[in-house]
Amino acid sequence: MAVSPTTMAAVRASGAVPKAEYLLNVEGIRKEFPGVLALDDVSFRLKRGTVHALMGENGAGKSTLMKILAGIYVPDQGEVFLKGLSIRLKSPLDALENGIAMIHQELNLMPFMTVAENIWIRREPKNMFGFVDHGKMFEMTADLFNRLNIALDPEAQVRDLSVANRQMVEIAKAVSYESDVLIMDEPTSALTEREVAHLFEIIRSLRSQGIGIVYITHKMNELFEIADEFSVFRDGRYIGTHASTDVTRDDIIKMMVGREITQMFPKETVPIGDVVLSVKDLSLKNVFSGVSFDVRAGEILGIAGLVGSGRSNVAETIFGVTPATSGSIAINGKPVAIASPNQAIQHGMAFITEDRKETGCLLILDVLENMQIAVLQDRFVKFGFVAEKEISAACKVMSEKLRVKTPNLQERVENLSGGNQQKVLIGRWLLTNPKILILDEPTRGIDVGAKAEIHRLVSELAKQGVAVIMISSEMPEVLGMSDRIMVMHEGRVTGFLDREEATQVKVMELASK
Amino acid sequence: MTSEQATAKAPAPTTSKRGRRLPPEVSILLVLIGIALIYEILGWIFVGQSFLMNQQRLTIIILQVSVIGIIAVGVTQVIITGGIDLSSGSVVGMTAMIAASFAQASTWARPVYPGLTDLPFIVPLIVGLGIGLLAGVVNGALIAQTKIPPFIATLGMMVSARGVAKWYTKGSPVSGLTDQFNFIGTGIWPVVVFLVVAFIFHIALRYTRYGKFTYAIGANVQAARVSGINVERHLIKVYAIAGVLAGLAGIVTAARAQTAQSGMGVTYELDAIAAAVIGGTSLTGGVGRITGTVIGAIILGVMISGFTFLRVDAYYQEIIKGVIIVAAVVVDVYRQKKRKV
Amino acid sequence: MTSEQATAKAPAPTTSKRGRRLPPEVSILLVLIGIALIYEILGWIFVGQSFLMNQQRLTIIILQVSVIGIIAVGVTQVIITGGIDLSSGSVVGMTAMIAASFAQASTWARPVYPGLTDLPFIVPLIVGLGIGLLAGVVNGALIAQTKIPPFIATLGMMVSARGVAKWYTKGSPVSGLTDQFNFIGTGIWPVVVFLVVAFIFHIALRYTRYGKFTYAIGANVQAARVSGINVERHLIKVYAIAGVLAGLAGIVTAARAQTAQSGMGVTYELDAIAAAVIGGTSLTGGVGRITGTVIGAIILGVMISGFTFLRVDAYYQEIIKGVIIVAAVVVDVYRQKKRKV
Amino acid sequence: ANIGVSMAQFDDNFLTVLRNGMQDYAKTLDGVTLQVEDAQNDVAKQQSQIQNFIASKVDAIIVNPVDTDATAAMSKLATAAGIPLVYVNREPVNVNELPAKQAFVASNEVESGTLETKEVCKLLKGKGKIVVMMGELSNQAARQRTKDIHDVIATDECKGLTIVEEQTANWSRTQGADLMTNWLSAGLEFDAVISNNDEMAIGAIQALKAAGRKMDSVVIAGVDATQDALAAMAAGDLDVTVFQNAAGQGKGSVDAALKLAKGEKVEAKVYIPFELVTPDNLSKYQSKN
Ligand SMILES: Nc1ncnc2c1ncn2[C@@H]1O[C@H](COP(=O)(O)OP(=O)(O)OP(=O)(O)O)[C@@H](O)[C@H]1O
Ligand SMILES: Nc1ncnc2c1ncn2[C@@H]1O[C@H](COP(=O)(O)OP(=O)(O)OP(=O)(O)O)[C@@H](O)[C@H]1O
Ligand SMILES: [Mg+2]
Ligand SMILES: [Mg+2]
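Residue numbers (the numbering used here), protein chains in the order written: chain A, 1 to 513; chain B, 1001 to 1341; chain C, 2001 to 2341; chain D, 3001 to 3289.
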């Protein structure tokens, strides 16, 4: 017999929480989407006061399971037990009232509302007349931020925040529910090391209060640092659960992908050619200024920095998304004016943006349409007609090369898992055979196997003489892949490091200078 | 690993340096003042009269858009949720007809319900608001439950409600209304009703949960849903309110004309939407304020009065009206953009 | 290195058993067939006649919506980009008036341009398409360059173009058109024009770069821009096409009526949008097909003919029309959803 | 003098002739300017226009009422402002209790449909099936003319007429043609088409011709005597229409307004009769309207 969510919520509110071995467990869950069996007879158990990591390749079904727990999807089969009692969660409200809060993989904020309004939506404090008490709400937010050591203005509008700061708002919001179970679906994919460390402080303190935390990540080091236990999923199936102290990194990878991956960052040393892209004194008013650097053929220039240091803005400006207010760009020695992405593409550039939902995916269109859209600018088109056969074949090859997990090329991209969406975008730009490739957080949300594959591809392109700019907040990635690292801080370049001299400490020094 | 960095003091909030934004109405208020001043100057040049220093004109400016304004208050809320309401003009016609049929005086030769004449004002009022509510709930329920686009649901209602208005008396007007009923349409009462309605919903949008939910749904319906908001129920509420306000507008229209006609309110929905959008409400949802809508409605009123004042040829009035609607929004968009960068 | 592992088998595609999805038009085609069959059955019961087995009726069904259909082909493309075009009905009126004024016969007593009578058909054709193009380009340029919402830009054009139509001859109709001009409006020529236009843009949307870009912009305009699409230029193209088609529709309307009147095309924009949306085009952009729109237009035509066929009282027709528009979309949304899950 | 004019509708062929008649006449007068507004068939808009005229202190107001039931409120507004008011073309509901300084120049709408239907009755020799095309259902003239048809066939001479179908084509020629085609496809049989206006009648003619029906086998009747209608009558297609002296009404209303503005007395009611137009007296009307 399943307990109704309202009954459970009432029990929870009364404080009479039933004792049970597991805070939360699910048994035999099955969830099918049209064409995809996302979860097949999956079980999962979460103990009180632990951090339980969920691991698995892109599309393994992690987010789907968590969305079931958050009341967004209803499973086709199987049961959810909350504190030992079987329960049917029919809406997000059911989950929240029963003490399950979730930080979603994709940001879910209201851009035109303030930080405080976003956090307390539906739970706004009221004054004696029944009106929303904004003063109290800002106070509550300030308190919450104090407690979590987050420095954000509660009255700021969310649309003015960087992606990282938005992520921090999401985290604060989830914590504010004071739930028993806190699900975090790749919370660190948009964060740099400093915020990650900060987040871990928060997690530890929550854990010590007896809260159970489900933590999804593709970053191996995070697993060892924060998780007590971990479970591995593969292709919608449950593989196993272990204590994180028991295993090595390679063991986990083997469990995840069903094979061994030996080298994580296969950067090959290749001969470096002439300067391809030269940026001089580039500035964008009020955002960054005086940015100068060269990138050579075959070179990978990493750009490191803290969140909000202006790395993404530099990339957007070079690509013509937000044209520079001053400074110059030269390609192969010739000065060029780039006022739009269209022109940038004509100069052989490609740009994989950091926010795949906002500026990347055509969510409601299919994989094929997403992949082909950039290359149609100059290839695969005759007399205005698209060469369907050729382009499909090219996209098919590319998607196989990138191991995109999709039933077919006609699948809508919004139905793909986050990591697979990222792969589709990478495919979109690789098809254009760029001379200059700009990557902004290219492996965000990508699983280890695919990450290695993308790194191999980038390295391969460099070998063919492509000039690569790679912005990354993942220190091992920058250090492992770059020939040279440019470090930025608050809109200025604070220094360059060669591959040999670069270490984490040196980068961090420059990044906070 | 990296946790030793966690002690690094949190960076100062980056936003403060930008300061608070000016409320967006300021920009549109400037547009209004600009238009009024242009008329004032042209008035002295071409007509030798003041446009603004004329009590009668200031009244009629608002009076003639008060019905549009009442609707626009509801439509603004619908648009903030990311929806649209095309039915309001027709609902005005439908409620005007039905409400008026319960407001006929016994002195009138052909009452619709001969047995029901000289009823107190409360009867047609309740009937009118009820009819509006019904239309709004149907709109909202269709949109929330069947997930059809608001454009279609309210387009259907637009067509059907107009049909009901014509069918109700087979097209005949409903006249001979009681003085009690007509009272609400006399003098500046329509203006009072408009401003009271605007004030109530200004407060509701800014200071109540109802308002927060409305903005949240429009800004990001997915986020609203995962935050536990019952989106369906809330949408029904918002459309119901828009319906009730359209019903109220119908009553005021009939009272003003002292008759109800099945063609009443045709294309009012477009004027109401224009008022909202000129006032800064975004058709993509999540953004908008009642104060802006009130100013938007007044801009429309100033425009109409100004045409007559300057004796603009009627043939040119429409052409210019279209240009002004576009120009007002262009100026507003441009000003907002400039302030942002 | 990891690449040697790339052979690891891809996840078992559980999809193959379902195969490719049915194109979405199938669902709306079923709605059309459903409505037609209902009429057929009701016909036998109440009128004792077949609804469908009647050559004349099958013609008029499409004929009466061919003008709406021509507009709807353009409107569909606009909606796919995530925009809307409210001006098409007024552009029909404006082009009808202006084109017709270049198509008057010398036998007519009061031509608009006494010096310009009995011109070959090509002259009014080019004039009409040119006027439509102009209106479309203005719409597109406003939307692309000033970033005002399409709803407002085209609402302004709707008001202004109607004003131009009335102003052009001070409201008088333009009659006495040449036989050459009227020819395009006789017999099933309007149907032919409609279907040819539909075919051309069906191909353009599905198989050309123009089409791919149109969908991409509607799906995510920012991503489209970053992918190198010149969004501004493309939007102008799309609105220009919609304008030209509205111009063409104006010519056909005038030729059909053998006269042009300033009120021509009023509310056609709503019927065109309804046809597009009933046919599966999504008002949020990125989704839609011309085949669907054609079916949507035919549904409207079937509905009108069916009313007359079943002798539905004029007063009920509108009420029912609203219900059918909504019902058609509800059924379609429901069927699509069911197929998906 | 400065006269404000509020017309019910600009895109109506008949009212356009009336409006142009008014304006042409005003041009011949010294110092008379007309400010003509389009009420777009909206009672409230018309009322606002009157109020705007009052605010602009015009010398007189001419109203072509959208809804003749709404004139009481308008009369009150004008009286309060002390500005003369003239109703034109449509008879106001308060015609018998018009205040001082108000008048009306109108035709009796009852006549148009009656003249039209009686002539059809005569042509059919009092026996036959008719179809009726109605104007916009919310429009008063449409309702009145349709009612006239019913009234006439209720009389003894025309008892033999039966209405087999009655639908709206919204005053429009194309909708008239579509409606006729739909009727024909349903196999409807009839001897006459009585239309609320000429436009729909012409549409019906076009559809009938396209279907190959002989035009002398069916009687077609409209109202308005527009240029197109007279041309259709000359071609032998249209059998009956009704002329209303639009220009005359326009001129009369301007005269009345000017006199009232000067403080002179005018007759409170001026009726300008409808006139039946048939092929016999066609030539008399071809230069008018
Ligand atoms: N709404 C949906 N409709 C159809 N298929 C879906 C839907 N949501 C998820 N899927 C599919 O279900 C599978 C599991 O997706 P899920 O998002 O749970 O993966 P994940 O493990 O979270 O991956 P990632 O690490 O990339 O986030 C994928 O194959 C995905 O394509
Ligand atoms: N649209 C915007 N409006 C206002 N401020 C913005 C906007 N976009 C970026 N910023 C600000 O510009 C600064 C630089 O942001 P940018 O995204 O380039 O940094 P980044 O180093 O790439 O960091 P991240 O990891 O967050 O992407 C940040 O302070 C950010 O808040
Ligand atoms: Mg996921
Ligand atoms: Mg960045």
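Don't be surprised by glycine CBs; every beta carbon is placed ideally from N, CA and C.
query = Around the C-beta of Phe112 (chain A), are 16 or more other C-beta atoms found within 10 angstroms, so that it is buried, or is it exposed?
reply = Residue burial is scored here from C-beta neighbours: Phe112 (chain A) has at least 16 other C-beta atoms within 10 angstroms and is therefore classed as buried.
request  = For Gly212 (chain A), name the three-state secondary structure that DSSP assigns.
outcome  = In this structure, DSSP gives Gly212 (chain A) an extended state, which the three-state scheme calls strand.
message = Taking 7 Å as the cut-off, is the C-beta of Lys62 (chain A) nearer than that to any heavy atom in ligand 1?
response = It does: the Cβ of Lys62 (chain A) is within 7 Å (strictly closer) of some heavy atom of ligand 1.
ask   = Can you tell me the Cα-Cα spacing of Thr1374 (chain B) and Arg1110 (chain B), whole angstroms?
value = There is simply no residue 1374 (chain B) to check, as chain B begins at 1001 and stops at 1341 in what is shown.
ask   = Since Phe3274 (chain D) meets chain B, which of its residues come closer than 8 Å, beta carbon to beta carbon?
value = Per Cβ cutoff of 8 Å: no residues; Phe3274 (chain D) is ~22 Å from chain B at best.
query = Taking 7 Å as the cut-off, does the CB of Asn25 (chain A) come closer than this to any heavy atom belonging to ligand 1?
reply = Because no heavy atom of ligand 1 lies under 7 Å away, the Cβ of Asn25 (chain A) does not count as near it: no.
Given Asp40 (chain A) as reference, the closest of A:Lys31, A:Leu365, A:Arg48, A:Arg492 once Cα atoms are compared = The shortest Cα separation from Asp40 (chain A) among A:Lys31, A:Leu365, A:Arg48, A:Arg492 belongs to A:Lys31.
ask   = In three-state terms, what does DSSP make of Lys382 (chain A)?
value = Secondary structure of Lys382 (chain A) (DSSP, three-state): strand.
task = Would you check whether ligand 3 has a heavy atom nearer than 7 Å to the C-beta of Gln2222 (chain C)?
result = No, Cβ of Gln2222 (chain C) sits at least 7 Å from all heavy atoms of ligand 3.
key: Val36 (chain A) Cβ short of 7 Å to ligand 1 heavy atom set   = Correct: Val36 (chain A) has its Cβ closer than 7 Å to ligand 1.
query = Whose CA, out of A:Glu369, A:Gly308, A:Asp246, A:Leu457, lies closest to the CA of Val466 (chain A)?
reply = Of the candidates A:Glu369, A:Gly308, A:Asp246, A:Leu457, the one whose C-alpha sits nearest the C-alpha of Val466 (chain A) is A:Leu457.
ask   = Can Asn370 (chain A) and Asn58 (chain A) be called in contact, C-beta distance under 8 Å?
value = Contact check for Asn370 (chain A) against Asn58 (chain A) fails: the beta carbons are separated by 8 Å or more.
ask   = beta strand (DSSP E) containing Ala174 (chain A): first to last residue?
value = Unbroken run through Ala174 (chain A) is the alpha helix (DSSP H), 163 to 176; no beta strand (DSSP E).
task = Say whether chain C places a C-beta atom closer than 8 Å to the C-beta of Phe385 (chain A).
result = Yes - at least one Cβ of chain C is within 8 Å of the one on Phe385 (chain A).
task = Indicate whether at least one CB of chain B lies closer than 8 Å to the CB of Thr2186 (chain C).
result = Chain B, which has no Cβ nearer than 8 Å to the Cβ of Thr2186 (chain C), makes this no.
query = Residues in its own chain within less than 7 Å of Gly495 (chain A) by CB, not counting five upstream and five downstream?
reply = The residues are Val487, Leu510.
query = Which residues, taken in chain order from the stretch 3177 to 3189 of chain D, show a beta carbon closer than 8 Å to some beta carbon of chain C?
reply = Per Cβ criterion, the list reads Ala3177, Asp3178, Leu3179, Thr3181, Asn3182, Trp3183, Leu3184, Ser3185, Ala3186, Gly3187.
ask   = Does DSSP classify Ala151 (chain A) as helix, strand or coil?
value = Here Ala151 (chain A) sits in coil by DSSP.
task = With a threshold of 7 Å, establish whether the CB of Gln105 (chain A) neighbours any heavy atom of ligand 3.
result = It does: the Cβ of Gln105 (chain A) is within 7 Å (strictly closer) of some heavy atom of ligand 3.
query = Just curious, the beta strand (DSSP E) that Val505 (chain A) is in, first and last residue?
reply = Boundaries for Val505 (chain A): no beta strand (DSSP E) harbours it, while the alpha helix (DSSP H) harbouring it runs 504 to 511, taken from the DSSP string.
task = Would you tell me roughly how many angstroms separate the C-alpha atoms of Gly2139 (chain C) and Met3007 (chain D), rounded to the nearest one?
result = The amino acid occupying residue 2139 (chain C) in the given sequence is Asn; Gly does not appear at that position. So the two alpha carbons sit approximately 31 Å from each other.
request  = Within the stretch 279 to 341 of chain A, note down every full alpha helix (DSSP H) run reaching 4 residues or more, in order along the chain.
outcome  = 311 to 318, all fully within the stretch 279 to 341 of chain A.
ask   = Less than 8 Å separating the beta-carbons of Lys2166 (chain C) and Asp3011 (chain D)?
value = In this structure, Asp3011 (chain D) lies closer than 8 Å to Lys2166 (chain C) by Cβ.
query = In the DSSP assignment, what residue or residues form a beta bridge with Glu3166 (chain D)?
reply = Residue pairing by DSSP places Glu3166 (chain D) opposite D:Val3132 in a beta bridge.
request  = Under 7 Å Cβ to Cβ from Asp378 (chain A), same chain only, skipping five residues before and after it: list those, please.
outcome  = Nothing meets the Cβ criterion.
ask   = Is the shortest distance between the beta-carbon of Thr3068 (chain D) and the beta-carbons of chain C less than 8 Å?
value = With a threshold of 8 Å between beta carbons, Thr3068 (chain D) makes no contact with chain C.
query = What residues in its chain sit with their C-beta under 7 Å from that of Ala2105 (chain C), if we drop five residues either side in the sequence?
reply = Cβ within range, chain order: Thr2117, Asp2118, Gly2176, Leu2177, Thr2178.
ask   = In whole angstroms, what is the alpha-carbon distance linking Val291 (chain A) and Thr353 (chain A)?
value = When rounded, the separation of the alpha-carbon atoms in Val291 (chain A) and Thr353 (chain A) is 19 Å.
request  = Pull up the CB-CB distance for Val1252 (chain B) and Gly1322 (chain B), whole angstroms please, since I reckon it's below 8 Å.
outcome  = Their Cβ separation, rounded to whole angstroms, is 27 Å, which puts Val1252 (chain B) and Gly1322 (chain B) out of contact at 8 Å.
query = If you draw a straight line from the alpha carbon of Arg2311 (chain C) to that of Phe2046 (chain C), how long is it in whole angstroms?
reply = Arg2311 (chain C) and Phe2046 (chain C) have their alpha carbons spaced roughly 10 Å apart.
ask   = Just reading off the alpha helix (DSSP H) that Ser1305 (chain B) is part of, what are its end residues?
value = Looking at the DSSP string, the run of the alpha helix (DSSP H) that includes Ser1305 (chain B) is 1290 to 1309.
query = Would Ala374 (chain A) count as contacting chain C if we go by Cβ distances under 8 Å?
reply = The beta carbon of Ala374 (chain A) sits closer than 8 Å to some beta carbon of chain C.
Three-way DSSP call (helix, strand, coil) for Phe1121 (chain B) in this model = Here Phe1121 (chain B) carries a coil assignment [DSSP, helix/strand/coil].
query = For Arg159 (chain A), which of A:Leu284, A:Met110, A:Tyr177, A:Val181 has the nearest alpha-carbon?
reply = Checking every option, the nearest Cα to that of Arg159 (chain A) belongs to A:Met110.
Beta-carbon spacing of Ala304 (chain A), Val468 (chain A) below 8 Å = In this structure, Val468 (chain A) does not lie closer than 8 Å to Ala304 (chain A) by Cβ.
request  = Could you work out which residues of chain C lie near Thr269 (chain A), taking near to mean beta carbons separated by less than 8 Å?
outcome  = Contact annotation for Thr269 (chain A) against chain C: no contact, minimum CB-CB distance about 15 Å [criterion: below 8 Å].
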